[in-house]
Amino acid sequence: MNSRTNPDAVAGLILAGGRSSRINAGRKDYVSKARLELAGEPLLAHVVRRLKPQVSSLIINSNDNPDWYQQFDVPVVADCLPDYPGPLTGLVSGMLWLAANKPQCELVALVPCDGPFLPDDLVARLRAALEERNADVACVRFRGHLQPTFSLWRRRVFDAMQDELMTLGFGGFKELMTRLDTVAVEWPDKGEDPFFNINTPVDLDRASELLSLGSVVSGDLG
């Protein structure tokens, strides 16, 4: 069976729909994580710039004010369930939008809005592993740990995702991945962590430091 998909059939989905509670701890003025400034730009801008060349179309999952996102000229899709039930909701919501608007996109590359150093060959490596085995999902494994928010999903598993979400009412990805045909893609360790997530003010300071040192220019971490 030929598992190859249309080369223009990969959509990128950036998850920006969480509460951003840890990054806002102690702050008087709430700000969504996507809007945090890193090196003079919104955090989301770094992610968009790295992911957009790797996919044929791009969407953002967010429950924030959609007007702010117009600067990126990218569709914004809100969660299909209320009360921030978790990142699985963002993926299901994105797939619902793609089914209605981009049905030719057979694969969905998932990344978080707080991962500004994602490798510029992320999608290519995940796709190669996915198609070699005709798997359902390809997921990064770095330093022995799965990174579920850096993953590539076939839209054919949408029903399983939706069943999981509607049964539990919330959820992440790891448990679902155990029930699907998931291939782990071992990522080489070249020193810094290309899957570094910004969850706290300390993390944001560290990301700024890495950028100022030139440690994470495009391609260096892949």
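Remember, our numbering sits 1460 above the position in the sequence shown when you count from 1. Beta carbons are placed, not taken as given, at the ideal position from N, Cα and C, and that holds for glycine.
### Task
Name the residue from 1513, 1494 and 1673 whose alpha carbon lies nearest to the alpha carbon of residue 1583.
Mapped onto the sequence shown, residue 1583 falls at position 123. Among 1513, 1494 and 1673, the Cα nearest to that of residue 1583 is on 1513.
### Task
Please go through the same chain and pick out, in chain order, the residues whose beta-carbon is closer than 8 Å to the beta-carbon of residue 1509, but skip the five residues on each side of it.
Locating residue 1509 in the sequence shown gives position 49, where the first residue counts as 1. When the five nearest sequence neighbours on each side are left out, no beta carbon in the same chain lies closer than 8 Å to the beta carbon of residue 1509.
### Query
Around the Cβ of residue 1463, are there at least 16 other Cβ atoms within 10 angstroms (buried) or fewer (exposed)?
Locating residue 1463 in the sequence shown gives position 3, where the first residue counts as 1. In this predicted model, residue 1463 has a pLDDT of only 44, less than 50, meaning its place in the structure is not dependable; the value taken from the coordinates is given anyway. Sixteen is the threshold: since fewer than 16 other Cβ atoms of the shown chains lie within 10 Å of the Cβ of residue 1463, the residue is exposed.
### Message
Looking only at its chain, what residues have a beta carbon closer than 6 Å to the beta carbon of residue 1461, apart from the 5 residues adjacent to it on each side?
### Response
By 1-based counting over the sequence shown, the position of residue 1461 is 1. The predicted model places residue 1461 with a pLDDT of 34, which falls under 50 and marks its position as unreliable; any figure quoted below should be read in that light. Spatial neighbours of residue 1461 in its own chain (CB-CB distance under 6 Å, excluding positions within 5 residues in sequence) are not present.
### Message
If we require 4 or more residues per run, which alpha helix (DSSP H) segments fall completely within the stretch 1598-1651?
### Response
Complete alpha helix (DSSP H) runs here, min 4: 1618-1628 and 1634-1639.
#### Entry: C-alpha gap between residue 1589 and residue 1525, whole angstroms
By one-based count along the sequence shown, residue 1589 stands at place 129. By one-based count along the sequence shown, residue 1525 stands at place 65. The straight-line gap from Cα to Cα measures roughly 37 Å.
### Task
Taking all protein chains shown into account, decide if residue 1561 is buried (16 or more other Cβ within 10 angstroms of its Cβ) or exposed.
Numbered from 1 along the sequence shown, position 101 holds the residue referred to as residue 1561. Exposed is the call here.
### Query
Should residue 1563 be labelled buried (16 or more other beta-carbon atoms within 10 Å of its own) or exposed?
Along the sequence shown, read from residue 1 onward, the residue named residue 1563 stands at position 103. So residue 1563 ends up on the exposed side.
### Same chain, Cβ closer than 6 Å to residue 1634, five either side skipped, listed in chain order
As a first step, residue 1634 must be located in the sequence shown, where it is residue number 174. The residues are 1608.
### Task
Name, in chain order, the residues that DSSP records as bridge partners for residue 1537.
Your numbering for residue 1537 matches position 77 in the sequence shown. Per DSSP, 1521.
### Length of the line joining the Cα atoms of residue 1602 and residue 1663
Here residue 1602 refers to the residue found at position 142 when the sequence shown is read from its first residue. Here residue 1663 refers to the residue found at position 203 when the sequence shown is read from its first residue. If I take the Cα positions, the gap works out to 18 Å.
### Query
Going by C-alpha distance, which of 1645, 1622 and 1656 is nearest residue 1599?
Within the sequence shown, numbered from 1, the residue matching residue 1599 stands at position 139. Restricting attention to 1645, 1622 and 1656, the CA atom closest to the CA of residue 1599 is found in 1645.
### 8 Å Cβ cutoff, residue 1575 in contact with chain C
Of the protein chains in this structure there is only one, and it is not chain C.
### Exposure label - residue 1507; buried when at least 16 CB within 10 Å
Position 47 of the sequence shown holds residue 1507. Buried.
### Whole-angstrom distance between residue 1621 and residue 1558, CA atom to CA atom
As a working mapping, residue 1558 is identified with position 98 in the sequence shown. As a working mapping, residue 1621 is identified with position 161 in the sequence shown. If you take the alpha carbons of residue 1558 and residue 1621, they lie about 15 Å apart.
### Task
Measure the CB-CB distance between residue 1459 and residue 1473 and report whether it falls below 8 Å.
Outside the modelled stretch of the chain, which goes from 1461 to 1682, sits residue 1459, for which no answer is possible.
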